[in-house]
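These notes concern the structure reproduced below.
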Amino acid sequence: MFDSGTLPRVFAVPPGADFPKALVEGLQQRNAGPPEAMARVQLVVNTRRMARRVRSLFDQGPACLLPRLSLVTDLGESLDLAQIPPAIPPLRRRLELTQLIAKLLEQQPDLAARSTLFDLSDSLAALIDEMQGEGVPPDAIRQLDVSDMSGHWARAQAFIGITDHFIESGTDAMDAQARQRRVVQDLIARWRVAPPQHPVVIAGSTGSRGTTLMLMQAIARLPQGALVLPGYDFDQPDHVWRELDEALASEDHPQYRFHKLMRGLEITPDQIAPWTDHQSPSPARNRLVSLALRPAPITDAWMTEGPQLSDLHDATKDLTLVEAQSPRAEALAIALRLRQAAETGQTAALITPDRMLTRQVSAALDRWNILPDDSAGLPLQLSPPGRFLRHVAGLFARRLDGEALLTLLKHPLCHDGEDRGVHLLHTRDLELDLRRHGPPFPDATSLTAFAIRKDVPEGWVNWVTTHFCDQQILGERQLTDWVDHLQGLAEAISAGSTCENGTIWDKNAGQKALNLVASLKDEAHHGGPMTAHDFTDLLGALLAGEEVRDRDAPHPHIMIWGTLEARVQGADLLILGGLNEGSWPEAPAPDPWLNRQMRDKAGLLLPERRIGLSAHDFQQAVGAPEVWLTRAVRSDDAETVPSRWVNRLANLLQGLPGQGGPVELAGMRARGQQWLTWSETLEDAPRIAPAQRPSPRPPVAARPRRLSVTEIKRLIRDPYAIYAKHVLRLKPLDPLVQAPDALLRGIVIHEILEHFIKDSVLDSALLTRENFLNRAGALLDQHVAWPTAHKLWHARLERIADDFLAAEIRRRGDGGPIAFEATMKLALTPLDFTIAGRADRIDRNSRGALRIIDYKTGAPPPESQQAKFDKQLLIEAVVAEQGGIDGIDPISVAEAIFVGVGNTYKEVPAPLSKEPVDKVLIELKQLISAYLEPDQGFSSRRMLHKDTDLGDYDHLARFGEWDRTADTQPENLT
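Take the position in the sequence shown, starting the count at 1, then add 240; the result is the number in this note's numbering.
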């Protein structure tokens, strides 16, 4: 197949060419022998996607025998290398590392936080893989000169020392990278003794990893060996190649890996020959991009070589630059272009590492019922089985609350067998009951009480209490026990109360999840003991590392690829999306172990390697027949930085006015702006007039005839809330998860004070700080299940205890309590209206007059607000003097006091002298009478204290579409 020669045999395909297609064509052109000659060719590729594409191209005809197709990672499967022990599973190595790091952190907790356990094990596993793949022994790390960073290095060495055991563990426990390097070394050794005489071609690899580079160099020197490089820049001058010697300065250049390969093979750029005679789709664009991507130290070549680019129009006529104002606008413009491609039969692909952008584009395409062929699929943790397993594992780590319970009960995989409809009906009833009655942390007792109230079948309630309640596990357990418990509980919850087989392991995602659980079970004995939180974190990390593809039939011509998939595919239109710094190229991940200089000295890969590979992917893709370059100018309310490659391309064109560069750049942007304009038109919606400030006027017969004392304040400040509650009879839905909020605090503090004062009525000697705090602690234990809130509220009571007791003893010197939670009712004649309520506490002083006390856990209203708005105590005084308190005859009120028991103790008296009872009663009747008139509307947010005050019915009133400056819009209702 190849002519004999002394030089290593290296071929290449230019950027923009469909590499697998060019590879197959080159093999067919060189196969001049009999048909069986192709079957003797050993073709080694670097990915399974490449192998599938090559096979499909051969299948398209003409009929022929296929070459022996294999992967770089499958070389060890041949018979002569089968004696090398198989690699241990990566999961086992990860679990072993986790255990060792956990023990190290227990011995030296100052090294790192426990929460970083799995991140550290992953990072350390990656370092081990890299050391084995690059052939770096542990001694190379230990001998680094770290005199100027001894503190950090001492901490890092404590972890890196763990790697010695795994790297030097021998041939019986090799990782995948160590085994691959051993396979390649043995293969090279055999080839030195008996080199194969049949053609051996390795294609598609750039040699970015040390083991692969070593294999490529060996194959290139075989008698019939050859390399076929993808995306090789034939336009790059020799002096630029020579400038790529220094890795620290050139690793991020797209052609650096080829320069490193040539240096190892001792060949020059002109000794790399084209694999086929076909040119790239746009040679002019390749020359432009080659110049734009020159390494930083010699970009002055733009000044000398730029004027030689005389064909800028040909280079840019099929280039479109889309600079959208937001990621959504970018996604919509891309979707529009993909839709056009689908209509015209053009094959089109979006290439981007930004998964958020791909999801937005897929969502935009869904409006036209176009399902793109997404090569990445969905992360397993986001699939229904993945979410279900994570929720079930969460039961082990946290006390069951209403949210966690209902999240699982409503999951589509929960009770998904027979009677699922009945199950959902019971779940709805349970949700409403939890919102109304609680408790914040459901248990068997509360669920049994719910079943009695709602007449729920005993079997369903027993299933819930058995599999959901009391699942929190404290302390450590062996990983094997965790996995068995997870699988058993997940299957039982999926099966439901009828005990039929659930569908958790069905379909593609279910099978993937079951395989992961099975793998974890097989390796669990290497995991050792761990807590529930550690197990939950481990499960989440494992699920996040797997992906599952949807089996729905996608559109045959619309694809979404990652940069890796794009290397082995071809399309008429390529859209390079998300071209912003941090997205493409991605920012290098922080390395907790070694900095750039240390990596370079040790022979490890530099962080810029990924940037260089991304640059190579960009250079290959941008040479396609038609290309879109897209980016969002803003993201998350912040300016973005354009990708360095887009920036270089734009700057180069802008600096070539003599060749029409600025005009061509403007043309690229104009073509992109046209699509952005169309996308804006597509999103344009007719303006809907904002709602006006409501002031409904319901019929008099429908208006409330009874209000509580505390609702008078609401009637004054926000009449619309009274209308919504009493006329429309709408009540806010209680929160799903009861929280230690202001309402609960008020209820609990009121009960504490009531019980404490009641206990001391007959024996004032009980008015001590110790008794007060003991009573508070007992009631907090009973009603407050949140440890943080319990301590905080108890601390506040400790703070006010002395002032409260001093004031109470002073009040006892002038009478004492006679009623608690006293019922009040007053009929306003002749209005046919009733005022009702309850007084927290009523005292009788030494002169026989009443003292009304109301406890406030918030800030008590000042006298000025009581006079105009917050008339609670004034109205209670009216009711008391009118004989409206059960069990108490009409009697004068000497004083009424708000007792503030918030952060500090404070007493605020009601202004009874300025606002006498008779005056308050007259004003109250006037207020009620006004709202019984047909032309009086219930205006929204009429006189709120602050604009920031929120009401329960503001959303119903469409507040936000109007503000307090808007006039009310009366509306007569019938």
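Every residue, glycine too, gets a C-beta built ideally from N, C-alpha and C. Predicted model, so just to flag it, every value in this text is computed and none were measured.
Check	Outcome
Run of the beta strand (DSSP E) containing D1094, from where it starts to where it stops	L1090 to K1096
Option in T598, P302, A827 and K998 with minimal Cα separation from E1061	K998
Cβ contact (3+ pairs, closer than 8 Å) linking the segment 1163-1182 and the segment 938-946	yes
Inter-residue Cα distance where the pair is P248 and Q457	8 Å
N- and C-terminal bounds of the alpha helix (DSSP H) containing V281	Counting along the chain, V281 falls outside any alpha helix (DSSP H), and DSSP gives it neither H nor E.
The segment 756-774 contacting the segment 336-351, beta-carbon criterion three pairs below 8 Å	yes
Endpoints, beta strand (DSSP E) assigned at P769	P769 to T771
Alpha carbon of V285 to alpha carbon of L664, nearest angstrom	52 Å
Bounding residues of the beta strand (DSSP E) (the contiguous stretch that carries W801)	I798 to W801
Meets three-Cβ-pair contact criterion under 8 Å: the segment 586-597 and the segment 927-936	no
Of the listed residues I1093, A396, P959 and E787, nearest to S615 (C-alpha basis)	E787
Sub-8 Å separation of R839 and L845 beta-carbons	yes
Beta-carbon proximity of T451 to R497, cut-off 8 Å	no
Option nearest D1187 by Cα separation, candidates R957, H1023, G1098 and Q1166	R957
F960, DSSP secondary structure in three states	Per the sequence presented here, residue 960 reads as Tyr, with Phe not at that position. Note: Y960 maps to helix in three-state DSSP.
Boundaries of the alpha helix (DSSP H) in which P1027 is found, first to last residue	P1027 to R1052
Rounded straight-line distance, which links the Cα of D857 to that of R884	14 Å
Residues of its chain near D517, where Cβ-Cβ distance is below 6 Å and the 5 sequence neighbours each way are ignored	none
Proximal residues to L618 (C-beta, below 6 Å), its chain only, five neighbours per side dropped	V788
W868 in three-state terms, based on DSSP	strand
Supposed contact pair L620 and L783 - C-beta distance, whole angstroms, cut 8 Å	5 Å
Y1145, enclosing alpha helix (DSSP H) - first and last residue	Per DSSP, Y1145 belongs to no alpha helix (DSSP H); it is in the beta strand (DSSP E), Y1145 to P1149.
Cβ pair Q372, A429 closer than 8 Å	no
Nonlocal neighbours in the same chain, by C-beta distance under 6 Å from D1043, ignoring five residues either side	Y1145
Integer Cβ distance of I1058 from V949, believed to fall under 8 Å	Incorrect: roughly 19 Å between the Cβ atoms, too far for contact.
Residues bridged to Q718 [DSSP beta-bridge criterion]	P769
Selection from G626, R503 and A644 that minimises the alpha carbon distance to G634	A644
Element boundaries [beta strand (DSSP E), containing P936]	R933 to R937
Where A569 falls, given that 16 or more other Cβ within 10 Å makes a residue buried	buried
Per DSSP, cross-strand counterpart(s) of M371	DSSP lists no partner for M371.
Residues of its chain near A749, where Cβ-Cβ distance is below 6 Å and the 5 sequence neighbours each way are ignored	S623, P625 and V788
Selected residue, minimal CA-CA separation from D1126, among T1063, V1119 and V1141	T1063
Cross-strand partners of V820 (DSSP beta bridge)	Residue 820 is actually Asn in this sequence, not Val. Answer is P882.
Closest by C-alpha distance to I1115, when choosing among R1204, L578, D1158 and I610	D1158
Complete runs of the alpha helix (DSSP H) confined to the segment 684-748 [at least 4 residues]	684-694, 698-708 and 719-735
Proximity to V967 [Cα-Cα], best of R607, L984 and P944	P944
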